[in-house]
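*Asks:*
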Amino acid sequence: MPYNSSRVSFSFNTTAAVGMADGEIVNWDFPNDETSSYVGTRGEGGNVVSPDQRCTITVTLQADSPTNAVWYSYYLAKTEGPATMRDRSSTAVVGFAEKAMITKQPAQVRSRDKPVYVWTFTAPRGTVVPLA
Numbered sequence: 581m582p583y584n585s586s587r588v589s590f591s592f593n594t595t596a597a598v599g600m601a602d603g604e605i606v607n608w609d610f611p612n613d614e615t616s617s618y619v620g621t622r623g624e625g626g627n628v629v630s631p632d633q634r635c636t637i638t639v640t641l642q643a644d645s646p647t648n649a650v651w652y653s654y655y656l657a658k659t660e661g662p663a664t665m666r667d668r669s670s671t672a673v674v675g676f677a678e679k680a681m682i683t684k685q686p687a688q689v690r691s692r693d694k695p696v697y698v699w700t701f702t703a704p705r706g707t708v709v710p711l712a
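Okay, so the sequence shown: first residue is 581 according to the working numbering, each after it adds one.
1) Kindly identify the DSSP beta-bridge partner or partners of Q688.
2) Could you tell me the distance, in whole angstroms, from the CA atom of R587 to the CA atom of A677?
3) How is L656 classed by DSSP in three states: helix, strand or coil?
4) For G661, list the residues DSSP reports as bridge partners.
5) How is the beta strand (DSSP E) around D613 delimited, first residue to last?
6) With DSSP as the reference, label A672 as helix, strand or coil.
7) Give me the Cα-Cα distance between F592 and A687, rounded to the nearest whole angstrom.
8) Measuring CB to CB, does T638 end up less than 8 Å from P611?
9) Among W608, A597, G599 and M600, which residue has its Cα nearest to the Cα of V709?
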């Protein structure tokens with residue numbers, strides 16, 4: 581689920597993302613279905629809730645953001661911490677992953693305007709609420 585940086589704020593561990601790029605910059609991806617259906621040998625069926633609630637979060641920051649240096653130190657130290665996304669209009673938490681970790685060194689992407697860094701976090705469990 582992509583979120584526009586003008587509508588949400590994001591923080592990892594104790595560091596808020598400052599200098600997010602414009603557009604749909606915070607993305608929460610859940611690679612597995614939450615439920616799957618099954619059919620038994622006699623035709624009976626039902627749904628099974630998957631225990632796998634892993635998520636991948638990507639956040640795009642401008643290259644000159646001071647957050648890049650702090651998050652890079654977290655990456656080098658393999659720091660595990662909470663990832664929180666808040667709605668800017670109400671400050672309500674709309675996304676949360678308790679044990680997130682930066683799992684990929686950020687790629688520097690060049691654009692016409694400014695270069696940006698794309699940070700990738702993974703967590704064993706995450707929840708996110710769609711914004712209206």
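Glycine included, C-beta positions come from ideal geometry on N, C-alpha and C. Here the structure is a predicted model, which is why all the values come from computation and not from measurement.
*Replies:* Reading from the atomic positions:
1) Y697
2) Those two C-alpha atoms are separated by around 19 Å.
3) helix
4) Note: G661 sits in a beta bridge opposite A680.
5) No beta strand (DSSP E) holds D613; DSSP gives it neither H nor E.
6) Residue state, collapsed to three classes: coil.
7) 18 Å
8) Taking 8 Å as the Cβ cut-off, T638 and P611 do not qualify as a contacting pair.
9) W608
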